[in-house]
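*Asks:* Counted from 1, the sequence shown has number 97 at position 70 by our numbering; the numbering is strictly sequential.
Idealized CB from N, CA, C, for every residue including glycine.
Please read through the structure below; I'll follow up with questions.
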Amino acid sequence: MCDSCGCGGAERLVVEVNRSVLDENRRVAQGNRRMLREMGAVALNLMSSPGAGKTTLLERTIAALKDRYRIGVIEGDVETERDAQRIRAQGVPVVQLTTGGACHLSAALVHKGLHGLKGIGEGVYDLVFIENVGNLVCPAAFDLGEDVKVALLSVPEGSDKPAKYPALFREASLFIITKVDLLEHFDFSLDEAERLARGINPDVEILRLSAVSGEGVGSWLEYVAGLAEGRRGIRP
Ligand SMILES: Nc1nc2c(ncn2[C@@H]2O[C@H](COP(=O)(O)OP(=O)(O)OP(=O)(O)O)[C@@H](O)[C@H]2O)c(=O)[nH]1
Ligand SMILES: [Mg+2]
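The structure is reproduced here in structure tokens:
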């Protein structure tokens, strides 16, 4: 409780409200987890700042894997159906969620998205990709019921970001450095980004790729296939 500024303990109230929001979110996320098991799907939550290349990587992933696996996508954005339109053009079921201002997806919104996916096609999936709202801070705090959290960082953003925005990199099972085709134009240090991420999260797996040139995409596809086929363990 703060005696000096006259806030009347407002800070403590905010902490308590946040805690109850996160507790409720966790409860709904457990329901999502059960629903995903029933659907037969492994779910990946892709998180990054706006424009790091989440949708572009998904487009490429779907083009490569849609004949082998049943893929569904949940798109999260503040506004618009633009990303869903891009994914729909790849010929797989997609549900667009818009937060109307919130900087992250919640488990409750994703629950709605899962019901939407269940209603499309046969409603059975090997893989569900969740593209979170572009933001390097907020999405990290919200469990969506996914199996794997993926943090993406693009070369133009700078290699210091894992140190400055640690929560996302701490939570991730996989860290992808994207847009490596641009390395020659930026002072991005792969060594620094990877050292900083491992300093926060020693077990994190790291991939480097370019969804435009295709460099490194094969390792990502292998990672995803390993999840779909149960060859790769999922961190509890
Ligand atoms: N050079 C280069 N550009 C890329 C790469 N991947 C994506 N881009 C470009 O980066 C821009 C943003 O890509 P998106 O895939 O829309 O990024 P996003 O993370 O989905 O963006 P939000 O959904 O708005 O957060 C587009 O102009 C892409 O063409 C890459 O590997 N290399
Ligand atoms: Mg996108």
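Any heavy atom of ligand 2 within a distance shorter than 7 Å of the CB on K206?
*Replies:* The residue given as residue 206 occupies position 179 in the sequence shown. Incorrect: K206 has no Cβ contact closer than 7 Å to ligand 2.
*Asks:* Run through the DSSP bridge pairs and tell me what E232 is partnered with.
*Replies:* What you label residue 232 is simply residue 205 of the sequence shown in a count that begins at 1. L201.
*Asks:* Note the first and the last residue of the continuous beta strand (DSSP E) segment covering D104.
*Replies:* In the sequence shown, residue 104 corresponds to position 77, counting from 1. That run of the beta strand (DSSP E) goes I98 to D104.
*Asks:* Within the chosen definition, does the segment 175-182 reach the segment 140-152 through at least 3 CB pairs nearer than 8 Å?
*Replies:* The segment 175-182 vs the segment 140-152: no contact.
*Asks:* Are the CB atoms of S186 and F215 within a distance shorter than 8 Å?
*Replies:* The residue you call residue 215 lines up with position 188 of the sequence shown. The residue you call residue 186 lines up with position 159 of the sequence shown. Their beta carbons are under 8 Å apart, which means F215 touches S186 by this criterion.
*Asks:* Where does the unbroken beta strand (DSSP E) through N72 begin, and where does it stop?
*Replies:* By one-based count along the sequence shown, residue 72 stands at place 45. Per DSSP, N72 belongs to the beta strand (DSSP E) from V69 to M74.
*Asks:* Using CA atoms only, rank isn't needed, just tell me which of V121, A91, K191 and K139 is closest to G148.
*Replies:* Translated into the one-based positions of the sequence shown, residue 148 becomes position 121. Cα-wise, what sits closest to G148 is V121.
*Asks:* Between Q123 and C32, what straight-line distance do the alpha-carbon atoms span, to the nearest angstrom?
*Replies:* Residue numbering aside, residue 123 sits at position 96 when the sequence shown is read from its first letter. Residue numbering aside, residue 32 sits at position 5 when the sequence shown is read from its first letter. Rounded to the nearest angstrom, the two C-alpha atoms are 44 Å apart.
*Asks:* With DSSP run on the structure shown, which of helix, strand or coil describes I157?
*Replies:* For the purposes of this step, residue 157 is taken as residue 130 along the sequence shown, with counting starting at 1. Note: I157 maps to strand in three-state DSSP.
*Asks:* For K206, does the three-state DSSP call read helix, strand or coil?
*Replies:* Counted from its first residue, the sequence shown places residue 206 at position 179. Coil.
*Asks:* At a cut-off of 7 Å, is T82 close to ligand 2 when judged by its beta-carbon and the heavy atoms of the ligand?
*Replies:* Counted from its first residue, the sequence shown places residue 82 at position 55. Correct: T82 has its Cβ closer than 7 Å to ligand 2.
*Asks:* Could you give the first and the last residue of the continuous beta strand (DSSP E) run that contains T125?
*Replies:* Translated into positions along the sequence shown, residue 125 becomes position 98. Taken as a continuous stretch (DSSP letters only), the beta strand (DSSP E) holding T125 covers V121 to T125.
*Asks:* Who are A178's beta bridge partners in DSSP?
*Replies:* As a working note, residue 178 is residue 151 in the sequence shown. Beta-bridge pairing links A178 to M74 and F202.
*Asks:* Could you tell me the boundaries of the alpha helix (DSSP H) in which K93 lies?
*Replies:* Along the sequence shown, read from residue 1 onward, the residue named residue 93 stands at position 66. Counting along the chain, K93 falls outside any alpha helix (DSSP H), and DSSP gives it neither H nor E.
*Asks:* Where do the ends of the alpha helix (DSSP H) carrying H212 lie?
*Replies:* Against the sequence shown, residue 212 aligns to sequence position 185. Where H212 is concerned, there is no enclosing alpha helix (DSSP H), given that its DSSP letter is neither H nor E.
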